[in-house]
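The sequence shown begins at 8 in the working numbering and counts up one residue at a time. Backbone N, C-alpha and C fix where the C-beta goes; we use that ideal spot for every residue, glycine too. The structure displayed is predicted, hence computed values, not measured ones. Single-structure report; data block below.
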Amino acid sequence: MKELLSKIEKLKKEKNAVILAHYYVNDEIQEIADYVGDSYYLSKVAVELPEQVIVFCGVTFMGESAKILSPQKTVIMPEALADCPMAHMAAIDKIKEVREKYDDLAVVCYINSTAEIKKYVDVCVTSSNALKIVKALPQQNIYFVPDQNLGQYIASQLPEKQFIFNDGYCHVHDEIMIDELEEAKAAHPKAKVLVHPECTMTVIGGADYVGSTSGIIDYATASDADEFIIGTEIGIFYQLKKNNPDKKFYTINNKQICPNMKKISLGKVAYALENGINQIEVDNETRTKAVLALEKMLELAK
Ligand code: 13P
Ligand code: SF4
Numbered sequence: 008m009k010e011l012l013s014k015i016e017k018l019k020k021e022k023n024a025v026i027l028a029h030y031y032v033n034d035e036i037q038e039i040a041d042y043v044g045d046s047y048y049l050s051k052v053a054v055e056l057p058e059q060v061i062v063f064c065g066v067t068f069m070g071e072s073a074k075i076l077s078p079q080k081t082v083i084m085p086e087a088l089a090d091c092p093m094a095h096m097a098a099i100d101k102i103k104e105v106r107e108k109y110d111d112l113a114v115v116c117y118i119n120s121t122a123e124i125k126k127y128v129d130v131c132v133t134s135s136n137a138l139k140i141v142k143a144l145p146q147q148n149i150y151f152v153p154d155q156n157l158g159q160y161i162a163s164q165l166p167e168k169q170f171i172f173n174d175g176y177c178h179v180h181d182e183i184m185i186d187e188l189e190e191a192k193a194a195h196p197k198a199k200v201l202v203h204p205e206c207t208m209t210v211i212g213g214a215d216y217v218g219s220t221s222g223i224i225d226y227a228t229a230s231d232a233d234e235f236i237i238g239t240e241i242g243i244f245y246q247l248k249k250n251n252p253d254k255k256f257y258t259i260n261n262k263q264i265c266p267n268m269k270k271i272s273l274g275k276v277a278y279a280l281e282n283g284i285n286q287i288e289v290d291n292e293t294r295t296k297a298v299l300a301l302e303k304m305l306e307l308a309k
């Protein structure tokens with residue numbers, strides 16, 4: 008382990024590389040990362056950093072977004088198969104169909120989507136900026152892809168707009184059930200409930216706070232409460248406990264695990280960096296179209 012860590016440090020210097028990690032990856036990866044954050048923070052930081060090589064410890068859409076926004080940089084994924092299934096749950100034909108049906112429509116795309124889908128949408132959002140961005144859009148009708156749960160949560164906050172939903176979902180969050188939340192509340196009656204907006208509206212209805220991974224960490228850190236029930240992927244517990252060693256955190260069920268994020272290991276980080284493998288490639292036609300929705304997100308989220 009010690010050897011692996013010094014190998015990664017040495018390779019980083021040699022290659023002028025920086026390691027970015029999402030809050031859902033394994034603890035030891037978050038520990039060695041130069042920057043850890045939610046999807047919005049990571050997409051921003053990837054653009055701003057001077058290093059030309061980014062090792063992205065997250066799932067494919069995250070590396071792809073970094074490459075689309077910074078095409079001159081090399082983006083390496085430690086594990087080529089770490090992909091988010093929800094990113095594939097939107098259809099170009101359906102987007103075209105909805106565009107024909109509605110005037111005054113904006114297609115709003117969660118960043119958890121493929122580069123191909125991003126070519127056909129008007130703006131990207133993440134869970135931390137979706138509300139602000141959709142609110143600021145001049146269009147009355149919003150087609151929200153791919154996540155129906157995040158779409159419905161945003162719609163519940165913006166009754167002045169009309170939403171059309173897609174049927175995508177994240178299995179990790181969608182499978183958190185309200186009866187499991189009720190059981191957790193009964194077991195920990197003093198705990199505050201903090202959930203991600205990829206959870207269902209029923210679960211969201213039982214929460215004290217709804218927000219992105221960073222939002223959940225910030226809320227728990229600032230709160231006077233000592234106990235929290237957490238409705239998102241278990242990797243977030245590393246930062247929650249690091250920031251709040253005296254507070255207690257509980258899951259709602261024992262399936263809050265994203266198998267794709269968990270595929271990334273220290274060995275894979277070292278191997279990918281050493282050999283320059285699993286580089287993200289986005290063809291020029293896709294990039295020049297997809298970048299518009301991502302740049303619009305960065306602009307509107309400011
Ligand atoms: P955040 O943007 O809140 O980090 O969420 C990313 C994600 O994949 C949630 O499942
Ligand atoms: Fe995708 Fe869900 Fe994993 Fe997030 S937790 S990367 S939405 S599968």
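Classification of Ile124 by the beta-carbon crowding that lies within 10 angstroms, buried from 16 upward: Under the 10 Å beta carbon count, Ile124 is surrounded by 16 or more other beta carbons and is classified as buried.
beta-carbon Met93 near the ligand SF4 non-hydrogen atom, thresh 6 Å: It does: the Cβ of Met93 is within 6 Å (strictly closer) of some heavy atom of the ligand SF4.
Glu205 Cβ short of 6 Å to the ligand 13P heavy atom set: Yes, since a heavy atom of the ligand 13P falls inside the 6 Å radius drawn around the Cβ of Glu205.
Residue-level contact to chain D via CB, Ser50, 7 Å cutoff: No chain D appears in the structure shown, which is made up of a single protein chain.
6 Å CB neighbourhood of Val128 in its chain, flanking five on each side removed: Non-local C-beta neighbours of Val128 in its own chain, meaning closer than 6 Å and more than five positions away in sequence, comprise Val114, Cys116, Ala300, ordered along the chain.
beta-carbon Glu240 near the ligand SF4 non-hydrogen atom, thresh 6 Å: If you check the C-beta of Glu240 against the ligand SF4, you find a heavy atom less than 6 Å away.
Whole-number beta carbon distance between Lys255 and Glu240, since they are thought to touch under 8 Å: Incorrect: roughly 18 Å between the Cβ atoms, too far for contact.
Residues that Val152 bridges to, as DSSP identifies them: Paired residues: Cys116.
Ser272: CB within 6 Å of a non-hydrogen atom of the ligand 13P: In this structure, Ser272 has its beta carbon at no less than 6 Å from each heavy atom of the ligand 13P.
Close Cβ partners of Cys177 (< 6 Å) along its chain, the five nearest in sequence each way excluded: These residues qualify, in order along the chain: Met93, Glu205.
Terminal residues of the beta strand (DSSP E) in which Ala350 lies: With the chain running from 8 to 309 in the structure shown, residue 350 is simply not present.
Contacts around Tyr109, its chain only, beta-carbon distance under 8 Å, and the 5 residues preceding and following it disregarded: Only Asn148, Tyr150, Ile171 meet the Cβ criterion.
Nearest-angstrom Cα separation, counted from Gly213 out to Ile183: Rounded to the nearest angstrom, the two C-alpha atoms are 12 Å apart.
Near the ligand SF4: Asn285 beta-carbon under 6 Å from a heavy atom: Every heavy atom of the ligand SF4 is 6 Å or more from the Cβ of Asn285, so no.
Ala277 beta carbon less than 7 Å from that of Ile15: For the 7 Å CB-CB criterion, Ile15 and Ala277 form a contact.
From Ala162, Asn251, Tyr257, residue whose alpha carbon lies closest to that of Leu188: Comparing Cα-Cα distances from Leu188 to each of Ala162, Asn251, Tyr257, the minimum goes to Tyr257.
Distance cut-off 6 Å: Asn291 Cβ against heavy atoms of the ligand SF4: No - the ligand SF4 has no heavy atom lying nearer than 6 Å to the Cβ of Asn291.
Close Cβ partners of Tyr216 (< 6 Å) along its chain, the five nearest in sequence each way excluded: So the list reads Leu201, Tyr226, once near-sequence residues are dropped.
Enclosing beta strand (DSSP E) for Ile236 [first to last residue]: Following the DSSP letters along the chain, one finds Ile236 inside the beta strand (DSSP E) bounded by residues 234–238.
Sequence-distant residues of its chain with Cβ nearer than 6 Å to Gln65 (five each side left out): Checking the displayed sequence, the identity of residue 65 turns out to be Gly instead of Gln. Cβ neighbours of Gly65 beyond the five flanking positions: His29.
For Gly213, three-class secondary structure by DSSP: Taken through DSSP and simplified to helix, strand or coil, Gly213 comes out as coil.
According to DSSP, residues forming a beta bridge with Val43: DSSP lists Ala28 as partners of Val43.
Run of the alpha helix (DSSP H) containing Leu273, from where it starts to where it stops: Note, Leu273: alpha helix (DSSP H), 273–282.
Residues near Asp181 by beta carbon distance below 8 Å, same chain, minus five either side: Same-chain partners within the cutoff: Asn156, Glu205, Cys206, Thr207.
Enclosing alpha helix (DSSP H) for Gln246 [first to last residue]: Its alpha helix (DSSP H) spans residues 244–250.
Euclidean distance between Cα positions of Ile61 and Pro196: Spanning the two alpha carbons is a distance of roughly 43 Å.
Ala143 versus Asn136: straight-line alpha-carbon distance, rounded: Separation of Ala143 and Asn136 (C-alpha to C-alpha, rounded to the nearest whole angstrom) is 11 Å.
Distance between Glu302 and Lys126 (C-alpha atoms, nearest Å): Each residue's alpha carbon lies about 12 Å from the other.
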